[in-house]
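*Asks:* Quick one: the structure is below, questions incoming.
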Amino acid sequence: MSSSSATVASINEEILSLQNKIKELKVSKQDASAEVNSMKALKEQLKSLTKDQASTGTTSNFVLKTPKGTIDHKPEAALLRKKIFSTLEGIFLKHDASTIDTPVFELKEILAGKYGEDSKLIYDLSDQGGELCSLRYDLTVPFARYVAMNGITSMKRYHIGKVYRRDQPVMTKGRMREFYQCDIDIAGTCDPMVYDSEILKILCEALTALDIGQYTVKINHRKILDGIFQLAGVPADKTRSISSAVDKLDKLPWSDVKKEMTVEKGLDEKVADKIGQYVGLKGPGYDVLEKLKSDSDLMGIPLAKQGIEDMEILFRYLRVYKVLDKMSFDMSLARGLDYYTGIIYEAIHESSAPPSKSTNPSVPPSSELSTKSGSSKPSKSSKSKSDANAVINEDGIDESTIGVGSIAAGGRYDNLVGMFAESAGKKMNEQVPCVGVSVGVERVYSIMEMRRKQTQEKVRGKETEVFVLGLGGIELEKRMEIATLLWDNGIKTSFSPKVNPKPPVQWKQADDDSIPYVLILAPKEFAEGKVRIKAQLGKDQAGAEDNKGEEVELNDVVRYLKEKLGRS
Numbered sequence: 001m002s003s004s005s006a007t008v009a010s011i012n013e014e015i016l017s018l019q020n021k022i023k024e025l026k027v028s029k030q031d032a033s034a035e036v037n038s039m040k041a042l043k044e045q046l047k048s049l050t051k052d053q054a055s056t057g058t059t060s061n062f063v064l065k066t067p068k069g070t071i072d073h074k075p076e077a078a079l080l081r082k083k084i085f086s087t088l089e090g091i092f093l094k095h096d097a098s099t100i101d102t103p104v105f106e107l108k109e110i111l112a113g114k115y116g117e118d119s120k121l122i123y124d125l126s127d128q129g130g131e132l133c134s135l136r137y138d139l140t141v142p143f144a145r146y147v148a149m150n151g152i153t154s155m156k157r158y159h160i161g162k163v164y165r166r167d168q169p170v171m172t173k174g175r176m177r178e179f180y181q182c183d184i185d186i187a188g189t190c191d192p193m194v195y196d197s198e199i200l201k202i203l204c205e206a207l208t209a210l211d212i213g214q215y216t217v218k219i220n221h222r223k224i225l226d227g228i229f230q231l232a233g234v235p236a237d238k239t240r241s242i243s244s245a246v247d248k249l250d251k252l253p254w255s256d257v258k259k260e261m262t263v264e265k266g267l268d269e270k271v272a273d274k275i276g277q278y279v280g281l282k283g284p285g286y287d288v289l290e291k292l293k294s295d296s297d298l299m300g301i302p303l304a305k306q307g308i309e310d311m312e313i314l315f316r317y318l319r320v321y322k323v324l325d326k327m328s329f330d331m332s333l334a335r336g337l338d339y340y341t342g343i344i345y346e347a348i349h350e351s352s353a354p355p356s357k358s359t360n361p362s363v364p365p366s367s368e369l370s371t372k373s374g375s376s377k378p379s380k381s382s383k384s385k386s387d388a389n390a391v392i393n394e395d396g397i398d399e400s401t402i403g404v405g406s407i408a409a410g411g412r413y414d415n416l417v418g419m420f421a422e423s424a425g426k427k428m429n430e431q432v433p434c435v436g437v438s439v440g441v442e443r444v445y446s447i448m449e450m451r452r453k454q455t456q457e458k459v460r461g462k463e464t465e466v467f468v469l470g471l472g473g474i475e476l477e478k479r480m481e482i483a484t485l486l487w488d489n490g491i492k493t494s495f496s497p498k499v500n501p502k503p504p505v506q507w508k509q510a511d512d513d514s515i516p517y518v519l520i521l522a523p524k525e526f527a528e529g530k531v532r533i534k535a536q537l538g539k540d541q542a543g544a545e546d547n548k549g550e551e552v553e554l555n556d557v558v559r560y561l562k563e564k565l566g567r568s
């Protein structure tokens with residue numbers, strides 16, 4: 001081994017050792033800042049060394065790993081994701097949507113200036129021949145580009161695909177740099193709040209169907225928020241940056257948010273205090289609505305009045321759709337993306353907040369009005385509990401202290417399509433307003449995985465329905481013949497690849513893969529044109545030892561299995 005190879009290997013060993021040390025220190029509540037700094041220095045050293053080796057053409061041993069913020073999905077995880085996609089797709093199709101696919105990278109200028117402070121998280125690609133490109137940050141901007149480029153004026157579309165963000169990853173909570181989003185958006189004109197209410201209905205259907213437990217949909221209106229800023233006296237050029245600060249109230253106390261507004265962003269303290277009178281307001285839709293309508297100063301701002309009227313219509317429709325009880329009208333919700341123009345929303349779960357804090361607002365939604373601003377402080381008891389379950393990542397961050405965050409989000413964006421069309425010099429006869437929602441698959445998956453671990457439910461990595469098992473020297477060709485019969489009739493089937501496998505090995509294969517049915521070929525029964533089909537109850541279930549299965553005529557096997565599998 002060369003000296004440079006040895007150096008790379010030793011640095012990696014030191015990094016691994018430091019990661020373990022950091023975890024021990026954090027669990028025992030000791031300061032680990034020196035170790036974290038040492039680990040960062042080693043990583044910089046490693047980066048410099050590998051760069052030098054690349055420039056000189058030398059090679060070294062390297063660590064086999066995925067890039068930071070990415071993960072390989074094992075069969076069990078991939079199958080669960082497939083079920084998530086299938087569940088969401090079924091709901092989208094039920095609501096008359098069609099699907100599209102767009103490139104994973106867009107021209108850099110398409111994505112520029114659309115994401116506010118989050119624009120720094122966009123992955124820029126190196127010039128590959130005259131076009132500057134970036135990996136897509138979400139599926140919304142590519143959809144708006146697609147609509148403008150093709151002159152579409154009305155479309156209900158869904159899109160399931162990967163997006164990319166240079167964010168600080170928290171892998172166990174579904175915060176990654178490469179992750180799936182499942183979006184549904186409606187482009188086109190409608191009477192006020194008709195499409196908006198249907199999107200929220202779809203969101204509630206989706207989260208209920210995914211069976212993740214209780215959730216709350218935080219909802220607000222950009223026009224009301226901008227009206228509050230006007231009333232308070234926020235300069236127009238600070239509106240978006242102050243909006244971004246307000247959006248942090250679910251994570252930070254009001255004192256910290258106010259400090260960001262005044263000290264970091266230069267807002268007058270009196271203006272900040274005026275904002276603070278409103279942004280703590282949250283609760284049942286009609287309760288918050290009545291409080292806002294009774295505020296003559298706010299109703300005197302035309303923009304806010306329009307937003308309040310929109311919300312009154314929306315709540316009426318949501319009551320018809322039977323999802324109003326899932327909503328919390330939350331004046332602190334701002335959504336940092338620049339393209340939203342109307343209603344905005346985020347779905348949160350009880351796992352959204354860090355373990356030491358409660359969700360803000362509550363899950364399920366509170367039936368009472370609240371005027372409290374900002375997040376709660378962590379309790380000592382919950383902190384000590386999270387220390388015992390510490391999960392330290394490669395950056396020295398304890399992931400057990402971090403929440404999942406919002407599990408879905410969206411809103412209305414009326415100007416984005418027109419902006420693209422105008423920039424391209426393309427004349428459109430009418431504005432194409434849009435509204436949509438995006439479900440974060442990785443965060444939903446992380447919640448499902450946490451729930452699975454609590455119940456110790458076994459997860460399958462395959463969808464195989466039947467295992468063909470041979471006894472007494474039944475030829476491989478006979479097992480192949482039965483497998484072919486089942487495959488040709490759409491039944492997912494497996495069998496041992498051995499010519500003469502031993503029965504215990506075959507039973508183990510069926511058990512290990514949790515295959516629900518075993519079709520047994522025994523010489524005497526098979527000669528009589530019969531097989532035995534046994535439901536796999538599992539060793540620990542009652543009646544497993546007495547379960548001998550049922551004798552089935554060979555010409556009736558397909559009908560019998562389809563009936564058992566619920567496909568008759």
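Taken in order, the sequence shown gives residues 1 to 568; the numbers are from UniProt numbering.
Built from N, CA and C at the ideal position, the CB exists for glycine as well.
1. Note down, in chain order, each residue of its chain lying with its Cβ closer than 8 angstroms to the Cβ of Pro504, except the 5 sequence neighbours on either side.
2. For Ala542, is the classification buried or exposed, using 16 other Cβ atoms within 10 angstroms of its Cβ as the cut-off for buried?
3. Is it buried or exposed, Pro497, if we count other Cβ atoms within 10 angstroms and call 16 or more buried?
4. Determine the direct distance from the alpha carbon of Glu205 to that of Lys322, and round the result to whole angstroms.
5. Tell me which residue opens and which closes the alpha helix (DSSP H) that Ile275 is part of.
6. I need the straight-line Cα distance from Thr99 to Phe85, nearest angstrom please.
7. Secondary structure at Ala186, three-state DSSP: helix, strand or coil?
8. Among Glu477, Ser406, Lys478, Ser370, which residue has its Cα nearest to the Cα of Pro284?
9. Mind reading off the beta-carbon distance from Val459 to Arg452? Whole number of angstroms is fine, and I expect it under 8 angstroms.
10. Where does the unbroken beta strand (DSSP E) through Val217 begin, and where does it stop?
11. Could you give the residue range of the alpha helix (DSSP H) that holds Met155?
12. Sorted by chain position, which residues of the same chain lie with C-beta nearer than 6 angstroms to Val417's C-beta, five sequence neighbours on each side aside?
13. Gly470 and Arg479 look like a contact to me (Cβ under 8 angstroms); what is the Cβ gap, rounded to whole Å?
14. Hey, would you say Lys274 sits closer than 8 angstroms to Phe329, going by beta carbons?
15. Does the count of Cβ pairs from the stretch 168-182 and the stretch 287-294 closer than 8 angstroms reach three?
16. Leaving out the 5 sequence neighbours to the left and right, which residues in its chain are closer than 7 angstroms to Gln45 when beta-carbon positions are compared?
17. Can you grab the Cα-Cα spacing for the pair Tyr413 / Ser406, in whole Å?
18. Spatial neighbours of Pro364 within its chain, please: C-beta separation below 7 angstroms, excluding the five flanking residues on both sides.
19. Taking Lys530 and Glu553 to be in contact with their CB atoms under 8 angstroms, please state how far apart those CB atoms are, rounded to whole angstroms.
20. Inspect the beta-carbon positions of Tyr137 and Arg175 and report whether they are closer than 8 angstroms.
21. Should Ser351 and Met450 be called a contact, given that it needs their Cβ atoms to be closer than 8 angstroms?
22. From Met327 to Thr153, what distance separates their C-alpha atoms?
23. Whole angstroms is fine: what's the gap from Glu399's alpha carbon to Asp325's?
24. Specify whether the stretch 178-185 and the stretch 234-246 touch according to this definition: at least 3 beta carbon pairs, one from each stretch, less than 8 angstroms apart.
25. Could you round the C-beta distance between Asp183 and His221 to whole angstroms and report it? I think they count as a contact, below 8 angstroms.
26. Hey, would you say Gly411 sits closer than 8 angstroms to Ile308, going by beta carbons?
*Replies:* Looking at the atomic coordinates:
1. none
2. Per-residue confidence for Ala542 stands at a pLDDT of 46, beneath the threshold of 50, marking its modelled position as unreliable; the derived number appears in the next sentence. Ala542 is exposed by the Cβ-count criterion.
3. exposed
4. 10 angstroms
5. 269-279
6. 13 angstroms
7. According to the sequence displayed, residue 186 carries Ile and not Ala. Strand, per DSSP.
8. Ser370
9. 6 angstroms
10. 215-221
11. Per DSSP, Met155 belongs to no alpha helix (DSSP H); it is in the beta strand (DSSP E), 155-164.
12. Ala144, Val147, Ala148, Val432
13. 5 angstroms
14. no
15. no
16. Ile11
17. 19 angstroms
18. Gln214, Thr216
19. 6 angstroms
20. no
21. yes
22. 30 angstroms
23. Caution is warranted here: a pLDDT of 48 is assigned to Glu399, below 50, making its placement in the model unreliable, and no coordinate value can be reported.
24. no
25. Between His221 and Asp183 the Cβ distance is about 21 angstroms, and since that is not below 8 angstroms, they are no contact.
26. no
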